[in-house]
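For reference, the structure discussed in these notes is given below.
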Amino acid sequence: MNIIYKDNFEGVEANAQYGITQRGDAPNYQANVTAGGNFADDRGNMMVHFGYSNEGQLLSRERRNTQVDDLDTFWGVTGDPKDYGTPFQPALSGFAPQGRFTAGGRTFTYSPSGVLQEGFSSAVNGFNRQNFRTIAVPVERYLFAARGRYDLSDNVRLITEGTYNSTRASRQIEPFPLASNGSNGIFPGVGGAVPLQTNVNGVLVRNPFVPDAIFNAATDTNGDGIRDIQFARRINEFGPRSGSTTRDFYRFVVGLEGKVFNDFNWDVSYNFGRTSETQQSNGQVNVLNFRNALSAIRDTTGAIVCADANARAQGCVPINIYGAGSISPAAVRYIAADQTLQTRITQQQVQGNLSGTLVDLPAGGLGVAVGAEYRRETSNENNDALTNAGLNAGNALPDTYGAFDVKEVYGEINVPLLADTTLFQQLNLRAAGRISDYSTVGTIYTWNVGGDWAPVNGLRLRSTYARSVRAPNIGELFQGPAQTFPTGIIDPCIGVTATTAGALAANCRAAPGVAANIAVNGRFVATQLDTQESAASTVATRTCVKKIRSRSRRVPC
541 MNIIYKDNFE GVEANAQYGI TQRGDAPNYQ ANVTAGGNFA DDRGNMMVHF
591 GYSNEGQLLS RERRNTQVDD LDTFWGVTGD PKDYGTPFQP ALSGFAPQGR
641 FTAGGRTFTY SPSGVLQEGF SSAVNGFNRQ NFRTIAVPVE RYLFAARGRY
691 DLSDNVRLIT EGTYNSTRAS RQIEPFPLAS NGSNGIFPGV GGAVPLQTNV
741 NGVLVRNPFV PDAIFNAATD TNGDGIRDIQ FARRINEFGP RSGSTTRDFY
791 RFVVGLEGKV FNDFNWDVSY NFGRTSETQQ SNGQVNVLNF RNALSAIRDT
841 TGAIVCADAN ARAQGCVPIN IYGAGSISPA AVRYIAADQT LQTRITQQQV
891 QGNLSGTLVD LPAGGLGVAV GAEYRRETSN ENNDALTNAG LNAGNALPDT
941 YGAFDVKEVY GEINVPLLAD TTLFQQLNLR AAGRISDYST VGTIYTWNVG
991 GDWAPVNGLR LRSTYARSVR APNIGELFQG PAQTFPTGII DPCIGVTATT
1041 AGALAANCRA APGVAANIAV NGRFVATQLD TQESAASTVA TRTCVKKIRS
1091 RSRRVPC
């Protein structure tokens, strides 16, 4: 992209814009002012620009076609076969505010009136995420830019540029979905088994929050002698998850440019740029605190307290996860965890260029360009401690710090072969080459050769053959081991019937939930709820990044 700057601007330009949807919401504002003038008998010019824009917010629930998850099933265009033939069947989330509890192979939840019931149907008991999501994200921007030049002599000009951009954005999504299983769950090491009892002086004491029906149905699934369950629950007591991003960008350029040997242009410049960003979000869960809060007993006064004395001394508040709105404000304050990310990217660049016509040929001037550049880039990302450890019910993400520098030289040539002849309005050959010496991956070579042919005015054909190399960036080179969600997960029990032979089929049928699914469907099929859980709470795979000079390869840890 070629950007042509206003070079000799004098006067003032101003404009303003306001927009709003036909529904009367999501307003947008924008205003810009540009001013400039010459000085020192027109040897110098200075231009400044101020800009402001503000984009309004629009929530999904404010538009009929986005009010409910997957409402487009009515039109049969979701791509999911199970959606076809189910008009107005919303794909509600299986992470519901009242909770979904698995005890002894049986599933429990609560009715809208708060009555404990057995069974769970996402269409009936599920949660509509779209009620909280954002279609248009509110963004506010401020921009200041300045550009100046001053002719030191007839052949030397001083140039300066400065830019500052400040952006503020906010976002909102549905309350946090939490499960007991999965590597991001509360009890990942024991298959998500949440103990319903605590060993107090050799006596198993029942958690007083657990309803009788769930407790009586629960069994010991991990062999520790204690009844346990699994759960999945939307933490609505936190309210919608919200986040904000603040980004500040600075760029300054100073340089000289001019002419030499009449036909050659030259320039040298120094460029400094920096982007700083801060992200803050809420609604995450402190896994360690949540685990402590789930283990509750009654003390000698009959009050419900956290079972662990050390946790109590550190402010632990017992948590009741059974039913919508059951988590107390004090428990919310104890288990809630904010998330932060701070990044800074800096680039410094020194470059010089020389271009012009070397000799005149019959078809035009033989054009050449040469130049050299030095560039240094640094980058860092700093997450909060819980994110680093993967203890906020999300993936573990490391901090990243790194830097590299590169020295480059280049050359280009344009050779005009024919001009202003029949079928050859213009015929040129071109070639270019660049040598780059990176502090991280060593020396690389890139080049291209090609030509362009204009048989007549208004028509030009171009052909190029090139070799290009992308050096690894700082994230690829310096990021530590991180977690991610695997793709393409397939439940191995899908398709198993009551008569399927083999150890795999036998193991599948040994699970009460799988056996019940087969009894109803004739074979095991993944329900919508299963699919959502697979995407949202499966065990995240941990990968190591092995750095190999100019590329990154992910290998299993």
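Letter by letter, the sequence shown follows residues 541 to 1097 of my numbering.
C-beta: ideal position from N, C-alpha, C; glycine also.
Return the CA-CA distance between residue i and residue j, expressed in angstroms with no decimal places.
i: Arg583; j: Gln819; result: 45 Å
i: Tyr592; j: Val679; result: 11 Å
i: Val1060; j: Gly1053; result: 11 Å
i: Tyr545; j: Gly688; result: 11 Å
i: Ala1051; j: Thr761; result: 11 Å
i: Gly892; j: Gln965; result: 34 Å
i: Ile699; j: Asp803; result: 21 Å
i: Phe648; j: Ala936; result: 31 Å
i: Thr613; j: Arg669; result: With a pLDDT of only 45 at Thr613, under 50, the local geometry of the prediction cannot be trusted, and the value read off the model is given with reservation. So the alpha carbons of these two residues sit roughly 16 Å apart.
i: Ala636; j: Val740; result: 32 Å
i: Gly823; j: Phe778; result: 6 Å
i: Phe1018; j: Gly729; result: 29 Å
i: Glu797; j: Ser693; result: 11 Å
i: Pro869; j: Thr980; result: 51 Å
i: Asp691; j: Lys799; result: 12 Å
i: Tyr978; j: Tyr862; result: 58 Å
i: Ile543; j: Asn724; result: 47 Å
i: Gln770; j: Ala733; result: 5 Å
i: Ser878; j: Ile975; result: Note on residue identity: the sequence assigns Asp, not Ser, to residue 878. Roughly 46 Å separates the two Cα atoms.
i: Gly551; j: Ala685; result: 16 Å
i: Ala1076; j: Asn721; result: Residue confidence for Ala1076 is low, a pLDDT of 44 falling below 50, so the modelled location carries little weight; the figure read from the coordinates is stated next. Going from the Cα of Ala1076 to the Cα of Asn721 covers about 11 Å.
By Cβ distance below 6 Å, which residues in the same chain neighbour residue i in space, the five residues on each side in sequence not counted?
i: Asn671; result: Arg601
i: Ile885; result: Thr815, Ser919
i: Gly559; result: Asn568
i: Val890; result: Tyr810, Tyr914
i: Thr1040; result: none
i: Thr574; result: Glu553, His589
i: Val1009; result: Ile984, Thr986
i: Phe995; result: The residue asked about is misnamed: residue 995 is Pro in this sequence, not Phe. Answer for Pro995: Leu963, listed in chain order.
i: Phe660; result: Arg640, Thr647, Thr649
i: Asn988; result: Ala972, Thr1004, Ala1006
i: Gln888; result: Phe812, Arg916
i: Arg1002; result: Asp992
i: Ser835; result: Thr738, Ala847
i: Asn665; result: Ala636, Thr649
i: Met587; result: Phe549, Gly576, Arg687
i: Ala843; result: none
i: Thr707; result: Arg681, Arg787
i: Asn572; result: Asn555, Gly591
i: Ala912; result: Gly892, Val949
Which residues does DSSP pair with residue i in a beta bridge?
i: Ile953; result: Val908, Ala971
i: Asp788; result: Ser706, Ser816
i: Glu913; result: Gln891, Glu948
i: Ala554; result: Val573
i: Ser782; result: Gln712
i: Phe641; result: Phe648, Phe771
i: Ser593; result: Gln570, Arg681
i: Tyr874; result: Beta-bridge pairing links Tyr874 to no other residue.
i: Phe667; result: Ser633
i: Pro717; result: Arg774
i: Ser1003; result: Gly991
i: Arg603; result: DSSP lists no partner for Arg603.
i: Cys846; result: Ala836
i: Ala943; result: Thr918
Name the residue from the options whose alpha carbon lies nearest to the alpha carbon of residue i.
i: Glu595; options: Arg711, Ala733, Gln891, Cys856; result: Arg711
i: Ala853; options: Thr897, Thr649, Asn829, Thr841; result: Asn829
i: Ser563; options: Arg603, Ala631, Asn555; result: In the sequence as presented, Ser is not what sits at residue 563; that position holds Arg. Checking every option, the nearest Cα to that of Arg563 belongs to Arg603.
i: Gly763; options: Arg787, Thr786, Gly731, Pro1021; result: Gly731
i: Gly990; options: Ser653, Val981, Leu969, Gly973; result: Leu969
i: Ala909; options: Thr703, Ser895, Pro902; result: Ser895
i: Gly639; options: Pro717, Ile837, Gly998, Thr1004; result: Pro717
i: Phe789; options: Gly813, Thr606, Trp806; result: Gly813
i: Ser866; options: Val655, Asn721, Thr785; result: Val655
i: Asn826; options: Ala933, Asn695, Glu797; result: Ala933
i: Val745; options: Pro735, Ala753, Ile754; result: Pro735
i: Ala903; options: Ala943, Gly942, Leu957; result: Leu957
i: Asp807; options: Gly702, Ala566, Asn695, Thr880; result: Asn695
Excluding the five sequence neighbours on either side, which residues of its own chain have a C-beta within less than 7 Å of the C-beta of residue i, listed in chain order?
i: Asn954; result: Gly907, Asn968, Arg970
i: Thr897; result: Asp803, Gly905, Leu906, Gly907
Looking only at its own chain, which residues have a Cβ that is under 8 Å from the Cβ of residue i, when we skip the five neighbours before and after it?
i: Val1036; result: Leu1044, Ala1045, Cys1048, Arg1049, Val1054, Ile1058, Arg1063, Phe1064
i: Thr674; result: Gln597, Leu598, Leu599, Ser600, Arg711, Gln712, Ile713
i: Ala580; result: Tyr690
Any beta carbon from chain C within less than 8 Å of residue i's own beta carbon?
i: Arg746; result: No chain C appears in the structure shown, which is made up of a single protein chain.
Go through the region 1044–1068 residue by residue and report every complete run of the alpha helix (DSSP H) that reaches 4 residues or more, in order. 1052–1061
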